[in-house]
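Residue numbers (my numbering): 55 to 369. Beta carbons are placed, not taken as given, at the ideal position from N, Cα and C, and that holds for glycine. Okay, structure first, notes after.
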Amino acid sequence: DDDDDDDEPLPKEVLRRVLGLKALHERREAVLKEYARERATLERAYRERLAPLFAERATIVKGDAEPELSAEDAATLEKAAAVAQQKGGGASSSSDAAENADDAETTTTAKDDDAEAAAVRGVPDFWLGALGRHDAFEQFVQEPDIAALKYLRDVRCVDFDDLTGFTLEFEFAENPFFAADAPLTKAYHVPNLIDANGQPELEQIVGCDIAWKTPKDCLVAKEVKKRQKARSGKNAGMTRVVTRLEPQPSFFRFFDSLKLPTGDDDDDDDAPADDGFPAGLPPQGGGGISFDERLCKACVKWLRGDGAAIPDPPP
55 DDDDDDDEPL PKEVLRRVLG LKALHERREA VLKEYARERA TLERAYRERL APLFAERATI
115 VKGDAEPELS AEDAATLEKA AAVAQQKGGG ASSSSDAAEN ADDAETTTTA KDDDAEAAAV
175 RGVPDFWLGA LGRHDAFEQF VQEPDIAALK YLRDVRCVDF DDLTGFTLEF EFAENPFFAA
235 DAPLTKAYHV PNLIDANGQP ELEQIVGCDI AWKTPKDCLV AKEVKKRQKA RSGKNAGMTR
295 VVTRLEPQPS FFRFFDSLKL PTGDDDDDDD APADDGFPAG LPPQGGGGIS FDERLCKACV
355 KWLRGDGAAI PDPPP
């Protein structure tokens, strides 16, 4: 090459071997391209098989359906119910009359508990519990967020048709904080998501606007009133009250769009940190992929506290 004029020419036999190695590399690249095509086909096939499972999960969490249990799980359920009933029985009395009274009281309490349990739909606070135990998100769920996250009904990962990225969709029930006509979304554009070469490289992260019902309901910013003196004009020296919105830590800042760092951002103080998201923001970069693989698809593990044992997604 012309760019290599300063390099000493290789001996003929060595050059021959280098050219042979280059040809092998090109053949490798061709195999990897074929692998990527076949992997995309396989990804689509299994995505179609998994979709009904995630849909059924959503109906159970929301309370629109009851699960069919295996014999082993049914036995576990009966055992748990028996233990709960035994704990609710209270201390026994030495007299028959007292024992009968206790039995009647226990029966009444059990009926009340059954009625209360029957009135509960689905799995309350399912996603709140999973988020609160996820090691990447638990520290970003603030106390004011909890009331809003109680309305979270489902979290879905929707792959792009061409498998060059995915969108996380957070479905909320009607709530007093923001409009829930459509899910809150976060889209991750990853052109080489199924490319065999190296780690996935984020190209773009697109959040969404949250339609807060009133400024006081906004969890990502707080209204602050400050007294300020006019410096010029006919009202110079007069004091007025100015209302401003100041950013607040919140899980809902996850839905902010994010400018990804480039090679020119090395000295930029406003550039995201090396871990993929700015300080104070929930995970934005690799955290999105982790959210999909480790929480969205395995949420019940996090709800039960077993999520830490889930391995990181493969590259």
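Return helix, strand or coil for D127, following the three-state DSSP convention. Residue numbering aside, residue 127 sits at position 73 when the sequence shown is read from its first letter. In the structure shown, D127 sits in a helix (DSSP, three-state: H, G or I).
For the beta strand (DSSP E) containing C211, name the first residue and the last one. Along the sequence shown, one-based indexing puts residue 211 at 157. L206 to D213 is the extent of the beta strand (DSSP E) around C211.
Contact check, L357 vs G183 under 8 Å by CB: the rounded distance? On the sequence shown, residue 357 is found 303 positions in, with the first residue counted as 1. On the sequence shown, residue 183 is found 129 positions in, with the first residue counted as 1. Between G183 and L357 the Cβ distance is about 5 Å, and since that is below 8 Å, they are a contact.
Would D189 and L273 be called neighbours here (beta carbons separated by less than 8 Å)? Residue numbering aside, residue 189 sits at position 135 when the sequence shown is read from its first letter. Residue numbering aside, residue 273 sits at position 219 when the sequence shown is read from its first letter. It is not a contact, given that the beta carbons lie outside the stated cut-off.
Using the three-state DSSP reduction, which class does I200 fall into: helix, strand or coil? On the sequence shown, residue 200 is found 146 positions in, with the first residue counted as 1. If DSSP states are grouped into helix, strand and coil, I200 belongs with the helices.
Could you compute how far the alpha carbon of R307 sits from the alpha carbon of E255? Walking along the sequence shown from the start, residue 307 turns up at place 253. Walking along the sequence shown from the start, residue 255 turns up at place 201. Spanning the two alpha carbons is a distance of roughly 22 Å.
Taking C-beta to C-beta, are F232 and D271 nearer than 8 Å? Numbered from 1 along the sequence shown, position 178 holds the residue referred to as residue 232. Numbered from 1 along the sequence shown, position 217 holds the residue referred to as residue 271. Yes. Within cutoff.
Hey, would you say the C-beta of E80 is under 7 Å away from at least one heavy atom of the ligand MN? Among the ligands in the structure shown, none appear at all, so the ligand MN cannot be discussed.
Provide the residue span of the alpha helix (DSSP H) that contains L104, from first to last. Indexing the sequence shown from 1 puts residue 104 at position 50. DSSP places L104 in the uninterrupted alpha helix (DSSP H) bounded by K66 to K116.
Residues in the same chain with beta-carbon distance under 7 Å from R101, minus the five sequence neighbours each way, listed in chain order, please. Taking the first residue of the sequence shown as position 1, residue 101 is located at position 47. Same-chain partners within the cutoff: D213.
Give the straight-line distance between the Cα atoms of P178 and I114, rounded to the nearest whole angstrom. Position 124 of the sequence shown, counting from 1, holds the residue named residue 178. Position 60 of the sequence shown, counting from 1, holds the residue named residue 114. Those two C-alpha atoms are separated by around 11 Å.
What does K276 pair with, by DSSP beta-bridge criteria? If you number the sequence shown from 1, residue 276 lands on position 222. According to DSSP, K276 shares a beta bridge with E300.
State the beta-bridge partners of T221 as determined by DSSP. As a position in the sequence shown, residue 221 is number 167, starting the count at 1. Partner(s): V212 and A241.
Could you please give the first and the last residue of the uninterrupted beta strand (DSSP E) stretch that includes V260? For the purposes of this step, residue 260 is identified with residue 206 of the sequence shown, where counting begins at 1. Run containing V260: Q258 to V260, per the beta strand (DSSP E) assignment.
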